[in-house]
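Heads up, the sequence shown is in this note's numbering, so the first residue is 625 and it goes up one at a time. What follows is one structure encoded as C-alpha cells, with my remarks underneath.
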Amino acid sequence: MSGLSDRVARINDVLCAVNALEWDTRVMMPRGGAESRGHQIATLKGLAREMILDPALADAADAARHGGDPLEREAAASVAEAIAYHARIPADLLRRKAERSALAGAAWAEARARSDFALFLPHLEAMVALSRETAAALGGAGHPYDPMVDLFEPGETAASLDAFFGTLRAGIRPILDVALGRPKPRTDFLARDYPVEGQQRFARHVAAWLGYDFDRGRLDTAVHPFEISQTRSDVRITSRWPRDYLPMSIFGTIHETGHALYEQGADPVLVRSAHTTDLRGLYAVAGTSFGMHESQSRLLENHVGRSRGFWEVHFGMLRDIFPDQLSDVSVDEFVAAVNRVEPGFIRVEADELTYDLHIMLRVRLEVAMMEGALAPADLPAAWNEGMRADLGLDPPDDARGCLQDVHWSHGYMGSFPTYTIGNVTAAQIMDRLRRAAAGLDAALAAGDLEPLRARLSEAVWRKARRQPRAALVAGLGGDAGDPRPYLEHLRSRFAAT
C-alpha cells in the first residue's frame, strides 16, 4: 500500500468509527449518553482533521499526483480538496458542531415524541448559528446557503436551486391537478393494525430480494430511517414500524436498501482509497454527492417498489403474513393505494407526486434561516403557512409539522435539495437504461429485477464513487440538468389518458 493510500485508509478508519458511534447514537444509545457521545464523536472528528492537515499527507498526495497509478492520481485530487476544506474550518468549530449535534439529536427525538417545539428550539438555534459560522469560514461571495449546499451537492447554489425548483414546480402542478381530479382509490386497509413482527419479517424479505447482503449489513429500528456504512463490508439500514400505517415500513425499508446497495455495490478496488470517504465533510459516506446517493434509494422506492410487477411477486407473501388485515384486498387495490395522490403532512409518507413540494418548502425555510430572514423561533408558523400554500393542509401539531425530520438536528443544513435532485436523477438513469435495454420494462413488469440490478451495478454502483453525478448521467447519454425525464415519468404514472 502506498504512502497516500495508507494515510487515507487510516483517516477512513477513524471516520468509520465515527459512523459506528453515530449508528449507536440513533439506534441503541440510552438518552442519557448524548453528552458523552458528543464528546467522543468530536474527539474522533478532531483526530481525523489533524490527520488530514498533517503536512505528510499533502506530501504523499503530491508524490501520487506525479506517479504512475491512475487511481492514486485521482485520490490525490480528492485529498487536495479535503485539505483545502479543513484548512478553512477551525478545530473549535468542528468540535462544537459535533458536540451540539449529539445533544440536538436527542432533544429532537424527545421534542418530536412530545410534539413540543420549545424543547428543540435552543438546539435548532445553535445548529443554525453553527451552520452560518461554517458558511462564513468556507467563504465565497454568494449566498450564505451556497457553501452548505455545496457540501452535499457540489456546484449547486441558492440561485440555481431556485431556478431548478421553479421549473419543476411549473411542471408538477398540472400533473397534480389532473391526479387530484381523478377518483380516489380505496385505502382503508393501509391503516389497519399490523403487528411489528410481521412488518419486520416482510421488510427483511424485500431487502434481501432487492439484493441487500445481510452478511454485510443489518436492519434495525430508528425514529427516522437512515442508512450508514463502515465501508462496503458493513452497511446498515433502519426503518420504523407504525402499526397503523403499513406503507411506512415497506417503502422506508426499500428506500434505505437503495442507499445500501449503492454502498455494498462499490468497486472493491476503491474500498481503501480516498473515494471510500467524503473527506471534505468528514462523513464516511461514499459517492460524489448526496443527490447521486439519493437517486438510488428513490429509484428503488418509486420505479421498482411502487410498480405492479413488484407487487405481483410480493403481495401474496404480504397477505400470508397479514391474512386478517388483507383478506379482502386484491393486488390491484393494493397497487392503486400505494400510488394514490393525496397531500399529507409527513414527507416520508408522501405520495410520489407531492413529495417534491415537501422538499421545496424545507429548502425555502433553511435558505431563509441561513440568510437571517427567518428566526428559528418562527419556524413552526412559517412551516404551517407553507403547508397551507403548497399543499392546502394545516398541520395539527409540530410532530406532524416542523419536527418531523431529523436533518437539522445533525447540522445537515443544505441536504434537503438532494432528495429532489435524487428523484430527477433516478428518472434520468431509468430513461437512459431503458433506451439501452429494450426488455428492461418487460422484465420489471414480470417481477424480474435481475436485468435492472445488473445494469445498475455496472453503470452506477461501481462508478458513482468516482464520477460526479453530471458525468455519470452524461456517460449514459443523458443530461443531469434536464428535468424532462422525471416530469414524463410523473405524467405517465399519474396523468396518462
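All C-beta atoms in this analysis are idealised placements derived from N, C-alpha and C, irrespective of residue type, glycine included.
Once DSSP output is grouped into helix, strand and coil, what is the label at residue i?
| i | result |
| --- | --- |
| H899 | With a pLDDT of 38 at H899, under the threshold of 50, the predicted position of this residue should be treated as unreliable, though the coordinate-derived value follows. DSSP places H899 in helix when its eight states are reduced to three. |
| I861 | strand |
| E966 | coil |
| T811 | coil |
| L843 | strand |
| S853 | strand |
| A908 | With a pLDDT of 36 at A908, under the threshold of 50, the predicted position of this residue should be treated as unreliable, though the coordinate-derived value follows. Here A908 sits in coil by DSSP. |
| G915 | helix |
| E780 | coil |
| T978 | coil |
| H1113 | helix |
| F741 | helix |
| S1039 | coil |
| Y886 | helix |
| F989 | It should be pointed out that residue 989 corresponds to Leu in this sequence rather than to Phe. Here L989 sits in helix by DSSP. |
| A1023 | coil |
Looking only at its own chain, which residues have a Cβ that is under 7 Å from the Cβ of residue i, when we skip the five neighbours before and after it?
| i | result |
| --- | --- |
| V895 | Confidence at V895 is low in this model, with a pLDDT of 46, below 50, so its placement is unreliable and the value that follows should be read with caution. Correct list, in chain order: T855, R856. |
| L718 | K669, G670, R673 |
| W935 | V955, F958, V959 |
| Y818 | R867, L870, F946, Q949 |
| G968 | A974 |
| L998 | L989, A992, A1006 |
Here's the rule I'm using: 16 or more other beta-carbon atoms within 10 Å means buried, otherwise exposed. How should residue i be labelled?
| i | result |
| --- | --- |
| T901 | Summary for T901: the model assigns pLDDT 40, below 50, so the residue's position carries little reliability, and this model does not support an answer. |
| A1078 | exposed |
| V987 | buried |
| E925 | buried |
| K721 | buried |
| P849 | buried |
| F939 | buried |
| D716 | exposed |
| H663 | exposed |
| G1038 | buried |
| D1055 | buried |
| R904 | At R904 the pLDDT is 35, less than 50, meaning the model places this residue with poor confidence; the figure from the coordinates comes in the next sentence. R904 is buried by the Cβ-count criterion. |
| D1018 | exposed |
| A1104 | buried |
Which residue from the options puts its Cα closest to that of residue i?
| i | options | result |
| --- | --- | --- |
| T1121 | G805, S702, R1012 | G805 |
| L695 | A1094, R1089, R867 | R1089 |
| Y1036 | P1000, P1109, F776, L981 | F776 |
| D891 | A680, H879, W1085 | W1085 |
| F875 | G841, S863, Y886 | S863 |
| I676 | H710, R943, D770, A1070 | H710 |
| T1044 | M916, L743, E646 | M916 |
| S921 | A815, I1053, P1020 | I1053 |
| Q565 | F788, T811, P809, M872 | Because residue 565 is not part of the residues shown, which for the chain are 625 to 1121, the question remains open. |
| G1046 | R697, T912, V651, I635 | T912 |
| L745 | R1093, L1015, R1117, D1002 | D1002 |
| F838 | P807, E1009, G764, A884 | A884 |
| L1080 | Q888, N1008, L942, F914 | Q888 |
Within a Cβ cutoff of 6 Å, which residues of the same chain sit near residue i, ignoring the five residues on either side of it in sequence?
| i | result |
| --- | --- |
| F813 | V953 |
| R1108 | none |
| E976 | N926 |
| R631 | L681, A684 |
| H1113 | A1051 |
| V847 | A733 |
If we call anything under 8 Å between Cβ atoms a contact, is residue i one with residue j?
| i | j | result |
| --- | --- | --- |
| V802 | A1023 | no |
| A1061 | P1041 | no |
| V991 | A782 | yes |
| T877 | A831 | yes |
| R712 | L754 | no |
| M994 | P768 | yes |
| G841 | V820 | no |
| N643 | I852 | yes |
| M984 | R793 | yes |
| L1096 | K1087 | yes |
| R689 | A682 | no |
| R825 | L843 | no |
| R932 | V962 | no |
| I665 | L645 | yes |
| A726 | R661 | yes |
| L800 | V972 | no |
| L628 | V703 | yes |
| E749 | P1004 | no |
| M772 | T758 | yes |
| D1065 | R1058 | yes |
Grab me the residues of residue i's own chain with a C-beta within less than 8 Å of its C-beta, minus the 5 sequence neighbours each way, in chain order.
| i | result |
| --- | --- |
| V928 | L834, I878, F934, L1068, L1073, L1076 |
| G1063 | P1075 |
| H747 | R724, L727, A728, A731, W732, S1033 |
| R634 | M675 |
Can you determine whether any heavy atom of the ligand MN sits closer than 7 Å to the C-beta of residue i, and answer yes or no?
| i | result |
| --- | --- |
| T912 | By its list of ligands, the structure shown contains no ligand whatsoever, and the ligand MN lies outside what it can speak to. |
Is there a Cβ of chain D sitting closer than 8 Å to that of residue i, yes or no?
| i | result |
| --- | --- |
| F934 | Reference to chain D is not applicable here, since this structure consists of a single protein chain. |
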